[in-house]
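Residue numbers (this note's numbering): -12 to 375. Yeah, the Cβ is synthetic: ideal placement off N, Cα and C, and Gly gets one too. Small disclaimer: the values here were computed from a predicted structure and weren't measured.
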């Protein structure tokens, strides 16, 4: 006969299972969570941890659902009924405000009522309570609520932070009443610790049977959720690239694109100011280059600059008067001669005539024949004046 199969005694074979749960996350949004003993504040640290937990619950099993409930205020309110849409949960957590004090027993019972109306009745019921303020309810009332939840097979996880010592006795009594087959847990986070980092290594992120497979999946999902939300430490402090390289690369590219867009916008704003400041000098330079392209105002300004001699030449860009239009200089000289009488002959002024002759190409003002012609013209003019 063949030998019997070999077996190893004492080696339990563990098969990881995906826990199907409907979870209500209860947020402490009382006035006590304004304190900053947990960075940056109790409320922000609490919201970061809730974002992690919501991501872990929804990604560890596609059929899991998560809801959100606020414990403080006039009455506890269900912000989101159990759903598998992580975006709705994160949006509700982000928009929550601080008001009033915590009503512990009523909040737990409202959460239980929301779980009873879940769509998938095959899901296990779990409540996660974040308590960061003093619990004012009596121990007997808490024990009574805990026994009711135990009877209905509702698991409860409590995260105690803030007023840890003052709530220790009441929360321990509540956990003893609600715990059934070690399905409920109490986690205490001391002041100064990172709430989200502490919860990652607690049974709240692990499955009930102690399997490491789903616990690792929950931690990875929590890391992705935390990276997506950004947290209070920034994306660089949350993601080191080891949890999800593709996500880290996408985030890095997004940050670089945003930085490039901001730099381009700043450069465009600076360029507009520089263009406005340089518009006038550029226009002036263009006008100096071609007199035909000038308008009337620019032409008058240039004529005035030319009439000022050396100063005008410097203002026009250091150009010499030799390259200017002779007719323009003559017209300018005539227009600027305000002291001359209205009926005076311009040719009677020897300096004026010499300046015109010197500006003409190929003409020598000192030519004897030219000087004789000018003298005859002057004599003729004098005779005409005497006859008048």
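Check whether residue i and residue j have beta carbons under 7 Å apart
i: residue 110; j: residue 8; result: yes
i: residue 92; j: residue 132; result: yes
i: residue 67; j: residue 114; result: no
i: residue 119; j: residue 13; result: no
i: residue 83; j: residue 57; result: yes
i: residue 167; j: residue 137; result: yes
i: residue 55; j: residue 79; result: yes
i: residue 183; j: residue 15; result: no
i: residue 338; j: residue 352; result: no
i: residue 48; j: residue 77; result: no
i: residue 145; j: residue 158; result: yes
i: residue 191; j: residue 101; result: no
i: residue 134; j: residue 164; result: yes
i: residue 26; j: residue 45; result: no
i: residue 105; j: residue 69; result: yes
Counted within 10 angstroms of its Cβ, other Cβ atoms place residue i as buried (16 or more) or exposed
i: residue 309; result: A caution first: residue 309 carries a pLDDT of 45, below 50, which makes its placement in the model unreliable, though a value can still be read off. Exposed, since its Cβ has fewer than 16 Cβ neighbours within 10 Å.
i: residue 246; result: exposed
i: residue 169; result: exposed
i: residue 289; result: buried
i: residue 362; result: exposed
i: residue 242; result: exposed
i: residue 178; result: exposed
i: residue 252; result: exposed
i: residue 171; result: buried
i: residue 240; result: exposed
i: residue 255; result: exposed
i: residue 225; result: Residue placement at residue 225 is flagged as unreliable, the pLDDT there being 42, under the threshold of 50; a coordinate-derived value is accordingly withheld.
i: residue 42; result: buried
Beta-carbon separation (whole angstroms), residue i vs residue j, contact threshold 8 Å
i: residue 151; j: residue 175; result: 6 Å
i: residue 59; j: residue 88; result: 6 Å
i: residue 160; j: residue 122; result: The Cβ separation is near 11 Å, so there is no contact.
i: residue 435; j: residue 19; result: Within the shown structure, residues of the chain are numbered from -12 to 375, placing residue 435 beyond reach of any answer.
i: residue 186; j: residue 30; result: No, residue 186 and residue 30 are not in contact; Cβ-Cβ is about 16 Å, not under 8 Å.
i: residue 17; j: residue 85; result: 7 Å
Residues bridged to residue i (per DSSP)
i: residue 160; result: DSSP, once it has assigned bridges, lists no residue as partnering residue 160.
i: residue 118; result: 147
i: residue 142; result: 113
i: residue 13; result: 56 and 116
i: residue 172; result: 144
i: residue 289; result: DSSP output for residue 289 lists no bridge partner at all.
i: residue 8; result: 111
i: residue 89; result: 59
Complete alpha helix (DSSP H) runs within the segment 25 to 70 (minimum length 4 residues, chain order):
29 to 47
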